[in-house]
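Number of protein chains: 2
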Amino acid sequence: MNPSNSALLTDLYQLTMVQAYLHQSMEEEAVFEFFVRRLPPNRNFLVAAGLEQVVEFLSHLHISSDELVWLKSTDRFKPELLQYLEQLRFTGNVDAMPEGTIFFPNEPILRIIAPLPLAQLIETRVMNLLNFQTMIASKAARSVLVSGRKPIIDFGLRRAHGAEAGLLAARASYLAGFAGTATVLAGMQYGIPIYGTMAHSFVQAHKDESVAFEHFAQAQPDNVVLLIDTYDTEAGAHHVVALAPQLTAKGISVKGVRLDSGDLAEHARNVRRILDEGNLRHAQILASGNLDEYRLQSLVTSGAPIDSFAVGTAMTTSADAPSLDCAYKLQEYAKRPRRKRSEGKATWPGRKQVYRQYASDGKLAHDIVTTLDDQQTDEALLQPVMKEGRSIAHHPKLTELRQRAAEQLARLPHAMRTLECVPPYEVRIAEALQRLAQAVDRDV
Amino acid sequence: MNPSNSALLTDLYQLTMVQAYLHQSMEEEAVFEFFVRRLPPNRNFLVAAGLEQVVEFLSHLHISSDELVWLKSTDRFKPELLQYLEQLRFTGNVDAMPEGTIFFPNEPILRIIAPLPLAQLIETRVMNLLNFQTMIASKAARSVLVSGRKPIIDFGLRRAHGAEAGLLAARASYLAGFAGTATVLAGMQYGIPIYGTMAHSFVQAHKDESVAFEHFAQAQPDNVVLLIDTYDTEAGAHHVVALAPQLTAKGISVKGVRLDSGDLAEHARNVRRILDEGNLRHAQILASGNLDEYRLQSLVTSGAPIDSFAVGTAMTTSADAPSLDCAYKLQEYAKRPRRKRSEGKATWPGRKQVYRQYASDGKLAHDIVTTLDDQQTDEALLQPVMKEGRSIAHHPKLTELRQRAAEQLARLPHAMRTLECVPPYEVRIAEALQRLAQAVDRDV
C-alpha cells in the first residue's frame, strides 16, 4: 500500500460527518473552494502548486480491503458508511489555477464540486497537498528572484518533514525555478535534474585531504566538485590547485569546489583568487550552508564570486512560515450559497472565479474575485481540470509548469520581486460577490 | 513501492561517495553518530523519537528492480556501484537511546557501525527520520507539561508537510503524551486512539444550526461533540441546551461542545454557565483553533473551564523551530577516531556513550559524554538495537515508549518543565574524550 493515496489520510470527523450525511440522505451537490486567508509574514505573493498530486489522489481514491477490515474492527462506524466507503470513487468536478500561477489571499485556487459526503471526505488530504507545495514554491521563488539567475539546488531532504515532504519540496522548488535537487528519488519520480558533490565525512575518512580529492576525482572523472572546508577552506583550495596537474595528466578536469561554512563571501573571494592563480579559472564555486533568500541576496549583491548555490533546510521547511493560513470551505450546498461567519474567519460565499488584469507593460495590475456567473473579459485563472471524476485537462509536464512559473514571476511588478514587504496587491471583490454575501447573510 | 523505505531517499552525493569508496576498496568499519549541535530557540531539552522507523528502514533497506533500471538509465554510475546496490542489505550494528529519552546537545542518540559505503548511504534518511520525530516529540512535550493533565489531541494533518509528516507527527506527539490524534490512518498504522467532532461545513450544509446538531447526534449517538462557533458561540450553546431534552428522550446524551474561534477563555466561561444552567453539567468543553503551548498555558492558568484541547499546525510543523541543528557524523574509520573541524561545526571524535546522574530527589542532575571504553557506573543511555543487520532489542510498543517519555518528563528539574528558557543543563565532556580529541588534532 502506498499510504500517500489512502482515503484514510483524513481526519476522523470527516468519516463522522459522512456517516451523518448518509444517514440524512444529504448527498446533493456541494461546492468547496481552497484559498489562503492571509499572506504569511515575509511574502508578497504565493505560487500555486500541488495540483498534480491532488488529481492523482482523487483519481486513485479508494479504501483498500485492509483498511475496510480495520475500520470494521474499530466498531465505530455504521454498515451504511462502510458500504459507502467500499464503493468509494471520486466522481466530482475540479477547477483550479494551473500550478505555477501567482495568486493572492481570498482567491480560490481550487474548486471541487461533488456530492456532499465525497467533497467532505477528501478535505484533509487536499489541504495537506496544496498547503505544502504552495508554501514551498512560494518560498523557493523568493530565492530564485534574488539569485541573479545563478542556479540554485535543493539540498533539503535530510531536514524535510519526512520522505514525502522531501520529494515534494524538490518538485515544488524546481517548479519555482530551482535548477535541480540532490534527492535521488525525486530525480526518478519527477524527472528533476539531480546534483551532488561530496560530504565532509568523505574527506575525514581519508588520512589526507589531497588523497580524498584524488580518490573522488578518479571515481567521478566527469563531475569533480570538491568540498574544501573540512579543515581549512583556503588550504583546501591550495590542495585542489596542487592536485590539478596530476588530474589533467589523466584527462580529468576539476569542475568546481564547494564552500560550506564560515564567511562564504570572503572565502569565495580568497578561493577564487587561489584557483585563478593556480590556473583553474574554469573551476566554479558552489556555496552551501544554512542559506536562505536573505543570505543569497546578500552574497549576490556583495559581488562574491559564487557561481551557484545549494539551499536546504530553510527552503524545505519554509522555516520563516512553515504553514499557510489556508482553508477548504463549503461555499454552496444544494444550489444554496453558504458562508462561515466565525469570528475572524468569515468567507465569501458561492462558486467563484478570479480574473486578472495587466498593466500596459504586461505586469500584474489587479485581480477581481467574483461569482462564477458574473463573467468578465479578463483572463480567468481557474480552469477545468477534472469532470465527473476524470482528468480532462492536458496534463502538463513539470518543465512546462516551471516555464509557466517563470513567466508569471517575470510579470510581477518590480517591488513585489524584492524581499521587502510591499503594500498588498489589489484583489477586488466584485459587486456581484458582495451582493451575494449580503443576500446569504439576510437569509440566515 | 512504498517510497518511505526506498534506498534512493538519499542525496546524490551519497551514491557518488559510495562509488568512490568501492573504487578504492575503502570498505572498512565506519562509526557514525547522530546528535544535535544546539537546542532550538524555546527549548530546554529534547525527546528522542523516530528510532522505530530507522530500524524499519534499515531492516528493509534495498534497491527495487525499477530503481536499478532507472539508475542504469541515467548513465551516471559505474557497474561496480550498480552491482553493490543490487545486493544492498543493512549488515551493521546500531546503538541508540530508547525513544522517549530526554537528551541534550552534543549527546549522540544513535550510533551506526557498518562498512563505510553502507553507513554513508543511509545518512540522509536516518537524519530525515530522527530530525522530524525528535523535533515533534520535543515540541509536543511542552504542551503536555503545561496542560495540567488535560488531554490534548493532534489535529494537525491538514497542514503537516505531506502524508508521512502527518502520520509521524501523530506518532511522535502521542509518544510525548498527547491523548490521541484525528488522523485516521495513524490510528490504523500505530494503534493511536483517534478522536473527532464535526466541521463548520457540517453546520453550514444545514439550513439551521439546531437541525445540524440533531442530525449529527442521531448519526453518532455515542460521541455527540458539537461545534458551536459557526455563527455565534453563545447562541450555539443555547441551541445545544434547547436540543438536549429531545435527545435525552431518545437516549442520547451530549458529550461535549467544541469552541474553535474568538477569545476561548471568555467563550468557555460563558458556555460553561449556559451548559450548567441548561442541566448539561456533564457536557465537556473542547477548545481548538491556532493553539500552541503558550496559548495552552495561558488558558490553563486563567482557569478557563476547558476540559481538553486540540493542537494542530503549531505542533505538527514545530512552527517556532521547524528543524533541528542535527548532524550524522563520521567519528571513526578503520579504527582511527575522526573529527570535523569546519568553522563553527567541530565535533567530538570516536565512539561515545552518554551517562546520566540523578539528584537525591530523582531528578536529572547532569550528563557525561565520554568514550565508549571509558566505562562509568551511572545509567548508560545508548543501548544495543541492531547487531549485524538484525534487530536484537525487545521492540517496545508505542504505549511503552509513551510511558517512558512520561517517566522521563517527570524527572526533569522543575525549571526545565516551564516554557521559560533556563540555563543549559550540564553536559560534561569527560576527560577521556577531551584527551582523545587532542590526540586526533595532533595527528592531523
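Keeping their order, the protein sequence lines are chains A and B.
The first sequence begins at 1 in the numbering used here and counts up by one.
The second sequence begins at 445 in the numbering used here and counts up by one.
Glycine is no exception: its CB is placed at the ideal position from the N, C-alpha and C atoms.
Item                                                                                                                                                           : Value
Tell me, please, whether the CB atom of A:His-215 is closer than 7 Å to any CB atom in chain B?                                                                : yes
For B:Asn-723, which three-state DSSP category applies?                                                                                                        : coil
List the residues of chain A that B:Gln-690 touches, going by C-beta distances under 9 Å, in chain order.                                                      : Those within 9 Å of B:Gln-690 in chain A number zero; the least Cβ separation is about 16 Å.
With 7 Å as the threshold, decide whether the Cβ of A:Ser-308 is near any Cβ in chain B.                                                                       : no
Do B:Val-491 and B:Ala-630 come within 7 Å of each other at the CB atom, strictly closer than that value?                                                      : no
Should A:Pro-193 be labelled buried (16 or more other beta-carbon atoms within 10 Å of its own) or exposed?                                                    : exposed
Taking a cut of 9 Å between CB atoms, which residues from the stretch 376-409 of chain A lie near chain B?                                                     : none
Indicate the three-state DSSP secondary structure (helix, strand or coil) for A:Thr-316 in the structure shown.                                                : helix
Using DSSP with H/G/I as helix, E/B as strand and the rest coil, what is A:Glu-431?                                                                            : helix
Using DSSP bridges, identify the partner residues of B:Ala-803.                                                                                                : The partner list for B:Ala-803 (beta bridge, DSSP) is empty, contrary to what the question assumes.
For chain A, find out if any of its Cβ atoms is closer than 7 Å to the Cβ of B:Tyr-634; answer yes or no.                                                      : no
Just how far apart, CA to CA, sit A:Glu-29 and A:Leu-116?                                                                                                      : 6 Å
B:Gly-794: which of B:Val-628, B:Ile-873 and B:Glu-653 sits nearest, CA to CA?                                                                                 : B:Ile-873
Which chain A residues are close to B:Leu-560, counting only those with a beta carbon under 8 Å from its beta carbon?                                          : Ala-205
Residues of chain B with CB under 8 Å from A:Ser-445, in chain order?                                                                                          : The structure shown has nothing for residue 445 of chain A, since chain A only spans 1 to 444.
So, under 8 Å CB-CB, B:Glu-653 and B:His-683 are touching, yes? Tell me the CB distance rounded to an integer number of Å.                                     : 5 Å
Do the CB positions of A:Ile-153 and A:Ala-179 come within less than 7 Å of each other?                                                                        : yes
For A:Glu-379, is the classification buried or exposed, using 16 other Cβ atoms within 10 angstroms of its Cβ as the cut-off for buried?                       : exposed
Can a CB atom of chain B be found closer than 7 Å to the CB of A:Glu-164?                                                                                      : yes
For A:Met-1, name the three-state secondary structure that DSSP assigns.                                                                                       : Only weak support exists for where A:Met-1 lies, its pLDDT of 43 falling under 50; the value from the coordinates is given anyway. DSSP places A:Met-1 in coil when its eight states are reduced to three.
Should A:Gln-220 be flagged as near chain B, meaning a C-beta pair shorter than 7 Å?                                                                           : yes
Per DSSP, what kind of secondary structure is B:Asn-894 in: helix, strand or coil?                                                                             : No information on residue 894 of chain B is available, as it lies outside the stretch 445 to 888 that chain B covers here.
Should the stretch 520-533 of chain B be called in touch with the stretch 775-786 of chain B, which here means at least 3 C-beta pairs below 8 Å?              : no
Looking at the C-beta of B:Tyr-528, does it have a partner C-beta in chain A at a distance below 7 Å?                                                          : no
Give me the DSSP bridge partner(s) of A:Ala-30.                                                                                                                : A:Ala-114 and A:Tyr-333
List, in order along the chain, the chain B residues whose C-beta lies closer than 8 Å to that of A:Gln-19?                                                    : Ala-663 and Gln-664
Can you give the Cα-Cα distance for A:Ala-199 and A:Ala-346, rounded to whole angstroms?                                                                       : 50 Å
How many angstroms separate the CA atom of A:Met-127 from the CA atom of A:Ala-321?                                                                            : 16 Å
Interface residues of chain A around B:Pro-766 at Cβ under 7 Å?                                                                                                : Thr-317, Ala-319 and Pro-322
What are the boundary residues of the beta strand (DSSP E) that includes A:Met-127?                                                                            : Premise fails: A:Met-127 lies in the alpha helix (DSSP H), 123-146, not in any beta strand (DSSP E).
Can you pull the chain B neighbours of A:Pro-79, defined as C-beta to C-beta under 7 Å?                                                                        : The premise fails here: A:Pro-79 is roughly 13 Å from chain B at the closest Cβ pair, so nothing lies under 7 Å.
Could you run through the stretch 172-203 of chain A and flag, in chain order, every residue whose CB is less than 7 Å away from some CB of chain B?           : Ala-182, Thr-183, Val-184, Leu-185, Met-188, Ile-194, Tyr-195, Gly-196, Thr-197, Met-198, Ala-199, His-200, Ser-201 and Phe-202
Report all residues from its chain with a CB closer than 7 Å to the CB of A:Arg-43; omit the five preceding and five following residues, and keep chain order. : Ser-138 and Ala-321
Tell me whether the beta-carbon of B:Ser-746 lies closer than 7 Å to the beta-carbon of B:Ala-709.                                                             : yes
Using DSSP with H/G/I as helix, E/B as strand and the rest coil, what is A:Gly-289?                                                                            : coil
Let's see if you can read the secondary structure: which residues bound the beta strand (DSSP E) around B:Lys-516?                                             : Taken as a continuous stretch (DSSP letters only), B:Lys-516 belongs to no beta strand (DSSP E), being part of the alpha helix (DSSP H) at 509-517.
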